[in-house]
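Working notes, structure below.
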Amino acid sequence: MKPEIFYLNLGQQILYKDIPCTIIRNIDVRRISIEEIETGIVHTVNISEISPAQSDKEVVNRNMLELTDSDWEIAQNRFRIIRPVLENRGDLKIVENAAEEAKVDKATIYRWIGRYEQTGSIASILGRKKTGGRGKSRLSKELEQIIQKCIEEVYLTSFRKSINYLIRAIAFECNKADIKMPHSTTIRRRINEISEQEKVTQRYGKKISDNKFRPIRGNFPHANHPLSVVQIDHTPVDIILVDEVFRQPFNRPYLTVAIDVFSRMIVGINISFDPPGAMGTGLCVSNAILEKDAYLNKLGVDGSWPCWGVMETIHVDNAKEFRGIMLKKACENYGINLEFRPVATPHYGGHIERFLGSFSKAVHDLPGTTFSNTKERSTYKSEKHASFTLAEFEKWMVTYIVNVYHKTVHSGIGITPEEKYIEGIFGNDEIKGIGLPPRFNNERKVRLDFMPYTERTIQVSGVVIDHIHYYDEILRKYINVENKRQKQKKYSFRRNPKDISVIYFFDPDTNEYFEIPYRDARHPPMSIWEYRAAVKKWKEENPGPINQDHIFETYKKLEEIELKAIKSTKRLSKNSRRIINKEFSNKESFLEDISQTNKELKLNLVNDKNEEEKIILPIEFNLKPFDNLDDEAFDN
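Going by the working numbering, the first residue of the sequence shown is number 53, and it counts up by one from there.
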């Protein structure tokens with residue numbers, strides 16, 4: 053199976069067009085040279101064209117929300133022990149110190165590292181759930197010592213003895229100690245658990261290991277290399293945008309930005325009409341961690357944004373959206389240190405605030421800008437000149453970041469942010485670079501891991517969240533499951549606030565997310581804001597408890613009211629789910645869909661002077677997960 057995270061070190065095996073290859077050279081932050089293992093043919097390819105090779109090892113990615121407090125404390129402690137090893141590749145003394153501190157052998161340290169590197173998740177260091185005696189080593193302490201001693205003194209040496217030679221050496225030692233020889237498969241399994249880098253270091257030397265694997269990171273204090281410290285902050289953008297359908301003045305957007313302090317590169321963003329919240333913050337972090345090629349292609353932006361990878365520290369202010377348990381848990385699971393800015397020390401956020409200041413000045417040249425204060429605004433009518441939709445402004449913003457800001461000399465560092473970032477990755481005559489960060493293969497999981505979650509029991513009827521029932525057959529085996537305290541066990545679910553017709557269930561057995569739809573498929577999609585409006589409306593008019601039928605009946609009435617308002621004003625409500633849709637930017641296809649919807653609803657078209665302007669909106673639009681998500685996903 054493919055690991056969820058893969059590295060771009062020299063000598064790393066990968067797949068290119070399903071052909072097994074080896075990385076032989078890192079050309080720049082976008083391209084590498086690879087060699088086909090079978091034919092020796094060399095290719096220069098974009099990093100986005102390769103994928104991780106199949107692994108014989110099973111990927112064990114435990115759900116952090118399923119762990120007990122004791123398990124989570126053990127996982128964090130193990131990560132604290134192996135972190136110096138990860139940051140000082142090839143330093144065997146640090147490995148020995150880690151093993152001594154943990155009171156385990158070096159092979160166990162490498163086993164922990166191997167689990168973490170497969171997933172990038174701290175929870176995975178624990179390995180599989182305990183199953184009683186199943187899976188435990190049944191070897192005696194004396195035999196374990198013999199195996200470990202022979203591996204270190206026979207196999208992991210510059211003599212580079214074969215595994216068969218190692219097996220014979222263990223057999224000799226067992227015979228001498230009058231202990232039964234273990235099966236050869238057991239010994240081969242122990243060798244497979246040792247990281248490839250450790251084998252190369254011990255058998256070929258540190259110099260060859262350094263050339264083959266990523267450069268030594270070292271103990272950098274503060275922000276002394278890329279992704280060591282990333283600052284995140286929010287700001288309302290000084291511009292009025294128009295809606296996607298009628299292009300009428302709509303609202304101001306909010307921008308969340310993540311900046312790499314070392315290089316001043318922007319590593320992640322999120323833009324939305326909704327005020328800063330846990331969802332927008334999580335999406336900004338996942339955008340920073342993931343590669344950006346697909347994102348640039350989706351926006352139609354021509355340029356390079358070579359930033360990806362897990363940061364060591366996220367630095368934020370004390371706003372409530374940064375204090376939530378979701379962000380804390382997700383950061384802990386990915387090995388990210390979440391630091392809060394000291395109170396009354398605005399200079400701590402100077403790097404990101406400087407960018408936001410420069411960005412605001414550029415925005416003030418755009419049509420629809422609101423400027424920063426009333427004096428600047430003067431007689432300028434922002435709504436009258438509004439021209440950009442959210443999607444169009446996002447494209448402009450990313451183009452500005454990638455092709456202007458990243459390529460402009462920054463006075464604080466003396467070179468452009470992009471040059472500084474690349475310097476930190478590959479090094480120069482004065483510093484040794486950190487190497488290309490590993491990339492995540494499962495982007496969907498990374499995004500979901502940083503989304504808000506709620507916990508629910510699973511009943512015969514499925515799952516109930518905010519009075520709405522959800523069900524899929526995948527839930528069947530978890531119905532009425534009890535925990536150790538003989539209470540019904542709770543499972544974690546995540547939800548897209550722009551479309552609550554689907555929730556995402558993390559299956560603890562398969563370690564995968566599954567989509568769970570409405571139990572009653574006849575109900576229409578709905579946003580969390582439309583849900584809240586429907587609940588509020590029903591409670592104002594009716595006493596007593598509420599159920600999902602009441603919610604959807606009220607939602608239908610609200611939608612009819614909105615349709616009538618749209619007919620008379622051609623303006624969308626600021627909470628309308630229709631603003632998200634981008635598939636009707638083509639006027640002809642939009643009008644064609646409108647016409648069909650009109651027939652189904654038996655509604656009259658608006659009589660305008662221009663025959664083409666006869667418009668009525670369809671009730672349902674196709675929503676895509678992760679498109680411009682923000683705000684809280686659940687009512688707790």
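The C-beta atom is built at its ideal place from N, Cα and C for all residues, glycine as well.
Legend entry - Residues near residue 452 by beta carbon distance below 8 Å, same chain, minus five either side: 411 and 414
Legend entry - Top-ranked residue by Cα proximity to residue 533, from 549, 514, 191 and 327: 514
Inset, instruction - Evaluate residue 512 with the Cβ neighbour count: other Cβ atoms within 10 Å of its Cβ, from every protein chain shown; 16 or more gives buried, anything less gives exposed. - result: exposed
Legend entry - Inter-residue spacing [alpha-carbon to alpha-carbon] between residue 506 and residue 442: 29 Å
Legend entry - Closest Cα partner of residue 484 within the set 278, 69 and 498: 278
Legend entry - Segment limits, alpha helix (DSSP H) that includes residue 591: 580-593
Legend entry - Cut-off 6 Å between Cβ atoms - residues of its own chain near residue 615, not counting five sequence neighbours on either side: none
Inset, instruction - Verify whether the separation of the beta carbon atoms of residue 321 and residue 498 is less than 7 Å. - result: no
Inset, instruction - Please state if the CB of residue 457 and the CB of residue 500 are separated by a distance shorter than 7 Å. - result: no
Inset, instruction - Since I believe residue 387 is in contact with residue 362 (beta carbons under 8 Å), could you give me their beta-carbon distance rounded to a whole number of angstroms? - result: 6 Å
Inset, instruction - Kindly indicate which three-state DSSP category residue 272 falls into: helix, strand or coil? - result: Since pLDDT at residue 272 reaches only 32, below the 50 mark, its modelled position is unreliable, and the value read off the structure follows with that caveat. Three-state DSSP puts residue 272 in coil, outside helix and strand.
Legend entry - Per-residue DSSP class, three states only, for residue 368: strand
Inset, instruction - Taking 7 Å as the cut-off, decide whether the C-beta atoms of residue 474 and residue 206 are in contact. - result: no
Legend entry - Start-to-end residues for the alpha helix (DSSP H) that takes in residue 136: 121-139
Inset, instruction - Could you round the C-beta distance between residue 242 and residue 159 to whole angstroms and report it? I think they count as a contact, below 8 Å. - result: 7 Å
Legend entry - Sheet register partners of residue 285 (DSSP bridge): 309
Legend entry - Local Cβ density within 10 Å of residue 211, reported as buried at 16 or more and exposed below that: exposed
Inset, instruction - Kindly give me the distance between the Cβ atoms of residue 245 and residue 355, rounded to whole angstroms, as I take these residues to be in contact under 8 Å. - result: Contact flag wrong, Cβ pair sits at about 43 Å.
Inset, instruction - Kindly indicate the opening and closing residues of the alpha helix (DSSP H) around residue 454. - result: 442-455
Legend entry - Neighbour-count burial assignment, residue 280, 16 or more Cβ in a 10 Å radius: buried
Legend entry - DSSP-derived helix/strand/coil call for residue 316: coil
Legend entry - Own chain partners of residue 338 with C-beta closer than 7 Å, once the 5 adjacent residues on each side are dropped: 498, 499 and 502
Inset, instruction - Enumerate in chain order the residues of its own chain whose CB-to-CB distance from residue 567 is below 7 Å, with the five nearest sequence positions on each side excluded. - result: 554 and 556
Legend entry - The beta strand (DSSP E) enclosing residue 103, as first and last residue numbers: 102-104
Legend entry - Unbroken alpha helix (DSSP H) run spanning residue 78, endpoints: Residue 78 -> not in any alpha helix (DSSP H); beta strand (DSSP E) instead, spanning 71-78.
Legend entry - residue 65 - containing beta strand (DSSP E), residue span: 65-68
Legend entry - Proximity below 7 Å, CB of residue 175 to CB of residue 385: yes
Legend entry - Beta-ladder partner(s) of residue 98, from DSSP: 83
Inset, instruction - Evaluate the contact criterion for the stretch 63-78 versus the stretch 87-97: three or more CB pairs, one atom per stretch, below 8 Å. - result: yes
Inset, instruction - Can you give me the Cβ contacts of residue 472 inside the same chain, cut-off strictly under 8 Å, excluding the 5 residues immediately before and after it? - result: 314, 315, 316, 317, 462 and 465
Inset, instruction - Excluding the 5 residues preceding and the 5 following residue 404 in the sequence, name in chain order all residues of the same chain whose CB lies nearer than 7 Å to its CB. - result: 283, 285, 309 and 311
Legend entry - Collapsed DSSP secondary structure at residue 569 in the structure displayed: strand
Inset, instruction - Using a Cβ cut-off of 7 Å (strictly closer), state whether residue 416 contacts chain C. - result: No chain C is part of this structure, which consists of one protein chain only.
Inset, instruction - Classify residue 215 as helix, strand or coil using the three-state DSSP reduction. - result: helix
Inset, instruction - Assign residue 64 to one of two classes, buried (16 or more other C-beta atoms within 10 Å of its C-beta) or exposed (fewer than that). - result: buried
Legend entry - Cut-off 6 Å between Cβ atoms - residues of its own chain near residue 345, not counting five sequence neighbours on either side: 100
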